[in-house]
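K.L.:
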Amino acid sequence: MMLKGIPDEITRILEHEGSSFSCIMRISRTVKLGHYKCNSRYDQLNLIEEKRLTAMCQGQLYQQRMKKAFDKKVKPRVFREGDLVLKKVLSFAPDSRGKWTPNYEGPYVVKRAFSGGALMLTTMDREDFTRPVNSDAVKKYFA
Numbered sequence: 000m001m002l003k004g005i006p007d008e009i010t011r012i013l014e015h016e017g018s019s020f021s022c023i024m025r026i027s028r029t030v031k032l033g034h035y036k037c038n039s040r041y042d043q044l045n046l047i048e049e050k051r052l053t054a055m056c057q058g059q060l061y062q063q064r065m066k067k068a069f070d071k072k073v074k075p076r077v078f079r080e081g082d083l084v085l086k087k088v089l090s091f092a093p094d095s096r097g098k099w100t101p102n103y104e105g106p107y108v109v110k111r112a113f114s115g116g117a118l119m120l121t122t123m124d125r126e127d128f129t130r131p132v133n134s135d136a137v138k139k140y141f142a
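Below, the structure is given as structure tokens:
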């Protein structure tokens, strides 16, 4: 850049001084912006934490509402001694009948019902099962 009426040497000095001045201004602006960015970043992190907590509370409220709606519709199944039940087949071995394999077997008689949902079953011929069966794996048999 050539300034009119000023010798080349002075022009070079002014250009050099001006560039260092602009460099200093850039550095001071960067420091101020860095401080501002740091505070801004800190505020953003706090805002993210607040949003996360709000979302977590909303999720918990949603789960409570869903549980309440589900519990309204579900009726507890109560098994008593002497009830006839069908037991779900929980076999992992493949059967030759494919999809026409029966899903339940029985009927069985409830010998004893425990409070946690476990049932002791017997066959119709009064042969006892050695292990209890979960009440989720049986359904009432109406004959």
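Quick note: the sequence shown, position 125, residue 124 per numbering that gives the first Met the number 0, numbers continuous.
C-beta atoms are modelled at their ideal positions from N, C-alpha and C, and glycine is treated no differently.
Please classify LEU2: does DSSP put it in a helix, a strand, or coil?
P.N.:
Low local confidence applies: a pLDDT of 48 at LEU2 is under 50, so the model's placement there is unreliable, with the coordinate-based value given in what follows. The answer is coil: DSSP assigns LEU2 none of H, G, I, E or B.
K.L.:
Should VAL84 and LEU120 be called a contact, given that it needs their Cβ atoms to be closer than 8 Å?
P.N.:
Yes; because the gap between Cβ atoms is below 8 Å, this pair is in contact.
K.L.:
Helix, strand or coil: how does DSSP classify LEU83 here?
P.N.:
DSSP places LEU83 in strand when its eight states are reduced to three.
K.L.:
Check whether the stretch 91-108 touches the stretch 52-59, taking contact to mean three or more Cβ pairs, one atom from each stretch, closer than 8 Å.
P.N.:
Too few Cβ pairs lie closer than 8 Å, so no.
K.L.:
In the DSSP assignment, find the beta strand (DSSP E) that holds GLU104 and state where it starts and stops.
P.N.:
Note, GLU104: beta strand (DSSP E), 103-112.
K.L.:
For SER114, collect the residues of the same chain with a Cβ closer than 6 Å to its Cβ; drop the 5 residues on either side in sequence, then sort them by chain order.
P.N.:
Same-chain partners within the cutoff: there are none.
K.L.:
Helix, strand or coil: which one does DSSP assign to ALA92?
P.N.:
It is coil, neither helix nor strand.
K.L.:
Under DSSP, the beta strand (DSSP E) around THR121 begins and ends at which residues?
P.N.:
Residues 117-121.
K.L.:
Can you tell me whether VAL88 is buried or exposed, with buried defined as 16 or more other CB within 10 angstroms of its CB?
P.N.:
Answer is exposed; the Cβ neighbour count stays below 16.
K.L.:
Compute the Euclidean distance between the alpha carbons of ALA117 and ARG125, then round it to the nearest angstrom.
P.N.:
Between ALA117 and ARG125, the C-alpha separation is close to 19 Å.
K.L.:
Do you know how far the Cα of ASP127 is from the Cα of TYR61?
P.N.:
Going from the Cα of TYR61 to the Cα of ASP127 covers about 45 Å.
K.L.:
Would you decide whether LYS71 is buried or exposed? Buried here means 16 or more other CB atoms lie within 10 Å of its CB.
P.N.:
Counting Cβ neighbours within 10 Å, LYS71 comes out exposed, since fewer than 16 surround it.
K.L.:
Give me the Cα-Cα distance between TYR107 and SER134, rounded to the nearest whole angstrom.
P.N.:
Approximately 13 Å, taken between the alpha carbons.
K.L.:
Would you say LYS86 and GLY105 are within 8 Å of each other, going by their C-beta atoms?
P.N.:
In this structure, GLY105 lies closer than 8 Å to LYS86 by Cβ.
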